[in-house]
Structures are given as structure tokens and as C-alpha cells.
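The structure appears right after this line, and notes come after that.
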Amino acid sequence: MPSLTKKTDARRARKRVNQGKARKKKMSKASTPSFPVHVEKK
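In terms of the working numbering, the sequence shown opens at residue 24 and continues consecutively.
Here it is in C-alpha cells:
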């Protein structure tokens, strides 16, 4: 049985990766707004 810290570290790393992907997607969407309204909103 692996140590608890190793398990939590792996879970944390996976979470970080997912957050990074989500952030990248969000950023790319933000950089190319489909409507000028989005630019004014901020």
C-alpha cells in the first residue's frame, strides 16, 4: 500500500494539470471574443 502523502501528491498533481487545461481553454476563449459586448464587460 502506497503512502498517504504520495497518494495525495498524485491527486494534487492531477488536479493541477486539469486546472491548467481549463485555464488555457478559458484564456484562448477570452482572447477571441465572439461579440464586442464581452470586451466591454470585463
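Positions of the beta carbon are idealized from the N, C-alpha and C atoms, including for glycine.
- Task: Alpha carbon to alpha carbon, how far is Lys44 from Ser26? Give it in angstroms, no decimals.
- Result: Locating residue 26 in the sequence shown gives position 3, counting from the first residue. Locating residue 44 in the sequence shown gives position 21, counting from the first residue. Separation of Ser26 and Lys44 (C-alpha to C-alpha, rounded to the nearest whole angstrom) is 28 Å.
- Task: Look at the alpha carbon of Ala36 and the alpha carbon of Ser51, and state the distance between them as a whole number of angstroms.
- Result: For the purposes of this step, residue 36 is taken as the residue at position 13 of the sequence shown. For the purposes of this step, residue 51 is taken as the residue at position 28 of the sequence shown. Just so you know, the alpha carbons of Ala36 and Ser51 end up roughly 23 Å apart.
- If we ignore side chains and look at the alpha-carbon of each, how far apart do Thr28 and Val40 end up? Within the sequence shown, numbered from 1, the residue matching residue 28 stands at position 5. Within the sequence shown, numbered from 1, the residue matching residue 40 stands at position 17. Thr28 and Val40: Cα-Cα distance of roughly 18 Å.
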